[in-house]
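Q: Next up is a structure, given as structure tokens.
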């Protein structure tokens, strides 16, 4: 049924006044039917003003409501960070009907959910009560962006920015920016939960002055006589036992290779000074990706990493002679105590294992 057949009393009130043309936004505009366009265009319904459009006090109330939501988001984000810091990981609470649950997870979920919800709710309330709600009809146009189209887009953007009242509603603007600034801090704080901070743990091992070198196979302290020329012995620090909770982490840094080389065959001056009667101690951990080195060539004094074939010359400061390793194996300075046992004279002077960004 066309608009001409609709009874007069059922037509919009403004239709009779606007049938001859369009208002500035196209509201109530009509397009009569003809042979080319058999269906009449009823136009947009008349625009109804909201109370905020005509009453500044109502607009102020909406503005305060939006600002309150953004402020609640900021407070919830601060509560999220406080809960993350203050609530123990192992603390549980009873929540009906969920039962006993993690207090930390519950607090983090609630505070982060409130922070995100308040930003969304504030944005929706702002758009529905304070931003312009005038419907604008726009004719279809070619896809390519003509200069006139670009100018229109920029003009529409400026008009939208003006109608959003972002510049005039400073309370909303400031609280919104505050909420959007604080919410990402939740993600930053969660990065702390990836694990304990490494601090300087990568630079130090259990070796220290006076620590005995203990044979990994016999679990007995080593004497110089226990290390034969051409042999390869693996050692660990005194006091480190396999049943210890941190054994794997500590042995991954402190494992030693001990070989005995004729002093005259040692080419590196510092290596000779840090040895005892030709007995040298080097880190067992390859400096490429941290594999344990276990292959030793007696004639050449070369050790080979089985993972990627990095090769080190133990007679020349354990320098790299082949493979992808980036630097020589760290050497441990050793000596003999009063009881005749091999002991460390300090820790490694550089981090063991693969290179990392703090090196140097």
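In the working numbering, the protein residues as written are 347 to 706. Virtual Cβ for every residue (Gly too), placed ideally from N, Cα, C.
Please state whether the Cβ-Cβ distance between residue 573 and residue 579 is less than 7 Å.
A: Yes, the pair counts as a contact, with Cβ atoms nearer than the cut-off.
Q: Check the C-beta distance from residue 636 over to residue 699 and give it rounded, since I have them as a contact under 8 Å.
A: Contact flag correct, Cβ pair sits at about 5 Å.
Q: Helix, strand or coil: how does DSSP classify residue 524 here?
A: Here residue 524 sits in helix by DSSP.
Q: For residue 710, which residues in the same chain have their Cβ closer than 7 Å to its Cβ, ignoring the five residues on either side in sequence?
A: This structure cannot settle anything about residue 710, because the visible part of the chain is limited to 347 through 706.
Q: Should residue 367 go down as buried or exposed, given a rule of 16 or more other Cβ atoms within 10 Å for buried?
A: Low confidence applies to residue 367: its pLDDT is 44, below 50, so where it sits in the model is not reliable enough to give any reading.
Q: According to the neighbour-count rule (16 or more other Cβ atoms, all chains shown, within 10 Å of its Cβ), is residue 428 buried or exposed?
A: The residue in question, residue 428, is exposed, as its Cβ has fewer than 16 Cβ neighbours within 10 Å.
Q: Please state if the CB of residue 480 and the CB of residue 393 are separated by a distance shorter than 7 Å.
A: Their beta carbons are under 7 Å apart, which means residue 393 touches residue 480 by this criterion.
Q: Provide the residue(s) that pair with residue 603 in DSSP beta bridges, ordered along the chain.
A: Looking at the DSSP assignment, residue 603 forms a beta bridge with 580, 628.
Q: Helix, strand or coil: how does DSSP classify residue 596 here?
A: Residue state, collapsed to three classes: helix.
Q: Would you check if the segment 644–663 and the segment 607–620 touch, i.e. whether three or more CB-CB distances between them fall below 8 Å?
A: They touch, by the three-pair rule.
Q: Measuring alpha carbon to alpha carbon, tell me which of 397, 577, 531 ends up nearest residue 475.
A: Among 397, 577, 531, the Cα nearest to that of residue 475 is on 397.
Q: In angstroms, rounded to a whole number, what distance separates the CA positions of residue 542 and residue 434?
A: So the two alpha carbons sit approximately 15 Å from each other.
Q: In the DSSP assignment, find the beta strand (DSSP E) that holds residue 506 and state where it starts and stops.
A: Where residue 506 is concerned, there is no enclosing beta strand (DSSP E), although the alpha helix (DSSP H) it sits in stretches over 493–509.
Q: Can you tell me the Cα-Cα spacing of residue 586 and residue 609, whole angstroms?
A: Spanning the two alpha carbons is a distance of roughly 30 Å.
Q: Which residue from 568, 546, 417, 577 puts its Cα closest to that of residue 522?
A: With distances taken between Cα atoms, residue 522 lies closest to 417.
Q: Among residues of its own chain, excluding the 5 on either side of residue 384, which ones have a beta-carbon nearer than 7 Å to its beta-carbon?
A: Within the same chain, residue 384 has no close Cβ partners at all.
Q: On the premise that residue 423 lies in contact with residue 534, defined as a C-beta separation below 8 Å, what is that separation, rounded to the nearest angstrom?
A: With 8 Å as the limit, residue 534 and residue 423 do not qualify as a contact, their Cβ atoms being about 11 Å apart.
Q: Tell me which same chain residues have a C-beta within less than 6 Å of the C-beta of residue 430, skipping the five on either side of it?
A: Around residue 430: 535.
Q: By alpha-carbon positions, which one of 495, 558, 395, 468 ends up nearest to residue 478?
A: Per the Cα distances, 395.
Q: For the beta strand (DSSP E) holding residue 561, just list the boundary residues, first then last.
A: Taken as a continuous stretch (DSSP letters only), the beta strand (DSSP E) holding residue 561 covers 559–561.
Q: With distance defined between alpha-carbon atoms, name the residue in 588, 638, 525 nearest to residue 458.
A: The option with the nearest alpha carbon to residue 458 is 525.
Q: Note down, one range per segment and in chain order, each beta strand (DSSP E) of at least 3 residues found wholly within the segment 657–699.
A: You should have 657–659, 665–668, 680–682, 688–690.
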